[in-house]
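Novice: In my numbering, the protein residues as written are 995 to 1400.
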Amino acid sequence: MTGKRALPWTSLALLAALGPTMGRANGSDSLLSALAGTKPLVDIRLRSESVDQTGLSREADALTLRSRLGLQTGELADTSLLAEAGLTWPWVDRYNSTVNGKTAYPIVPDPQYYGLNRLQLTNTSLPDTTVSVGRQRINLDDQRFVGNSGWRQNEQTFDSARILNTSIPGLSVDLTYINRVNRVFGPDSPVGRYTGGSYLVNLGLATPLGKLTAFDYLLSFDQAPMDSSQTLGMRLAGEQPVGPLQIAYDLSYAHQHDYSGNPLRYHDDYYIGELTGTFRQLSVGGGIEVLGSDGVKAFATPLATYHRWDGWDDKFLTTPVNGLKREYVTLGVLARAIAGLDSLGLTATYDDFSAARLGQHYGSEVDLQLQGKWRRFMGLVKLADYAADKYATTTRKVWFELDYIW
């Protein structure tokens, strides 16, 4: 059970800055306007997750309730405050949360937790510039390198200062300094928090072919020095009409090497090529993704939203030492205003996994999801089935979920 925790340095800075900022506002009308513009934040999720994993005698059975409650004020002196608490409560806890000691069960990394989820000040007083300071959610591009891992009940947040500038038409400049990463495993885990000074530079340019992004991520972790790295890369993502089809494409390349006290010396490459064709309600796509390896250490993405990548069974949260090559095909069907629902969608993915170096076959996975939305409610049924060959163990996961967001 996680109790009351000390606020991070960024949260203390927020509280110290709030008073003077309010004092500079133009009288009580501004204060009343900010209060009138305040909106509640309500995000409630009930989820059942079961895991059947070869090699473990017991199946995991987790029923967890996740709630996030908070508020976001209107602007006062061009500044707004967002504050949000998080609670994850296991109603059924026959699973290994990574901190509850139930190691006979498969892992479901949703530990019991309550505490601060987000606390940030956002200022827009500079032209075409947004400055946010505090504990915040950061999702960059497709979240392959930086994301909030929103699939898990306890999301990943960042104690950070961030500046986003759009002064030049078509160009976005996104700069972030991170002091601490609050990971999904919670503060009771030895890997629940990463401290250290990390820097994110993300430049986005709108082009006729889509968004062209250049990025440079310099990561330094006190608790995981072998994941300290510099990753420099580019990405092009866009879509074009081709006859009756809409063709979407995603091309990305990055190079990574050791950084900031990493005891290893390595150089690895990453690339992905993906095409998706959509006709009315049907979409079909496929691609190849490679996280390379030089035999010393494989390409790593420690701040990524992992569950969006490399199979929903999460077998490749740590890239194998010989790297990872993923070849995949996807099928999607989306219907709107059907059976009384606002939308109903079916997604199917087949992944084939092998080593990027030496060619060893790791295994394959089938992922299926049925998701519906009605007003502020969203529900889903989801299956991930990983068949192991030369890596990890055969595992099947099933989820049932209901969400309410206001």
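C-beta: ideal position from N, C-alpha, C; glycine also.
A quick note: this is a predicted structure, and the numbers were derived from the prediction, not measured.
1) Could you give the DSSP three-state label for L1311: helix, strand or coil?
2) DSSP three-state label for A1223, please.
3) For W1083, which residues of its own chain have a beta-carbon under 6 Å away from its beta-carbon, when the five flanking residues on both sides are left out?
4) Do R1129 and L1113 have their CB atoms nearer than 7 Å?
5) Below 8 Å on the Cβ atoms is my contact criterion, and I expect K1391 with V1045 to pass it. Report the Cβ-Cβ distance as a whole number of Å.
6) Thinking V1178 and S1143 are a contact (beta carbons under 8 Å), I'd like their distance in whole angstroms, please.
7) What are the start and end residues of the beta strand (DSSP E) that includes K1291?
8) Between the beta-carbon of S1192 and the beta-carbon of L1158, is there less than 7 Å?
9) Name the DSSP beta bridge partners of F1209, please?
10) Report yes or no: do the segment 1220-1234 and the segment 1282-1297 share at least 3 C-beta pairs separated by less than 8 Å?
11) Can you tell me which of the three DSSP states Y1260 falls into?
12) Specify the secondary structure class of D1023 as computed by DSSP and reduced to three states.
13) Can you name, in chain order, every residue of its own chain whose Cβ lies under 7 Å from the Cβ of L1276, other than the five neighbours on each side?
14) Should W1400 be labelled buried (16 or more other beta-carbon atoms within 10 Å of its own) or exposed?
15) Taking Q1147 as the reference, give the member of E1321, D1345, L1040 and W1368 with the closest Cα.
16) Around the C-beta of H1261, are 16 or more other C-beta atoms found within 10 angstroms, so that it is buried, or is it exposed?
17) Since R1177 is in the beta strand (DSSP E), which residue starts that stretch and which ends it?
18) On the three-pair Cβ rule with 8 Å, is the segment 1021-1032 touching the segment 1061-1070?
19) Looking at C-beta atoms only, is the number of pairs between the segment 1230-1240 and the segment 1256-1272 that lie closer than 8 Å three or more?
20) Distance check for H1251 and S1453, CA to CA, integer angstroms please.
21) Alpha carbons only, please: which of V1125, K1384 and R1138 is nearest the one belonging to V1167?
22) Taking the straight line between their C-alpha atoms, what separation do you get for P1105 and N1090?
23) Measuring only the C-alpha atoms, how far is G1362 from D1346?
24) May I have the straight-line CA-CA distance separating G1279 from K1384, to the nearest angstrom?
25) Give a yes or no on whether the minimum CB-CB distance between T1151 and chain C is below 7 Å.
26) Taking buried to mean at least 16 other C-beta atoms within 10 Å of its own C-beta, is Q1150 buried or exposed?
27) Can you find the residues in the same chain that come closer than 8 Å, C-beta to C-beta, to H1301, ignoring five residues on each side of it along the sequence?
28) Assign R1302 to one of three DSSP states: helix, strand, or coil.
29) Less than 8 Å between the CB atoms is what I'm expecting for N1111 and G1080, so what's the real figure, rounded?
30) Which first and last residues belong to the beta strand (DSSP E) in which R1394 is found?
31) So, helix, strand or coil for A1350, using DSSP?
32) Tell me the rounded alpha-carbon separation between M1228 and G1204.
Specialist: To lay it out plainly:
1) Correct three-state label for L1311: coil.
2) Reading off the sequence, residue 1223 comes out as Ser, not Ala. Strand at S1223.
3) L1059
4) yes
5) 5 Å
6) Rounded, the Cβ-Cβ distance is 5 Å, consistent with contact.
7) Careful: K1291 lies outside any beta strand (DSSP E) and carries neither H nor E.
8) Taking a C-beta distance under 7 Å as the contact criterion, S1192 and L1158 do not qualify as a contact pair.
9) According to DSSP, F1209 bridges with N1196 and G1227.
10) yes
11) DSSP places Y1260 in coil when its eight states are reduced to three.
12) Note: D1023 maps to helix in three-state DSSP.
13) Result list for L1276: V1327, in chain order.
14) exposed
15) L1040
16) exposed
17) Counting along the chain, R1177 falls outside any beta strand (DSSP E), and DSSP gives it neither H nor E.
18) yes
19) yes
20) Because the chain spans 995 through 1400 in this model, residue 1453 falls outside it and cannot be assessed.
21) V1125
22) 9 Å
23) Sequence check: residue 1362 is Leu here, not Gly. Taking the straight line from one Cα to the other gives about 15 Å.
24) 27 Å
25) In summary, chain C is missing from the structure at hand, where a single protein chain is found.
26) buried
27) S1143, W1145, R1146 and D1308
28) helix
29) Contact holds; Cβ gap of about 4 Å.
30) According to the sequence as given, residue 1394 is Phe; it is not Arg. Note, F1394: beta strand (DSSP E), T1389 to I1399.
31) Coil, per DSSP.
32) 13 Å
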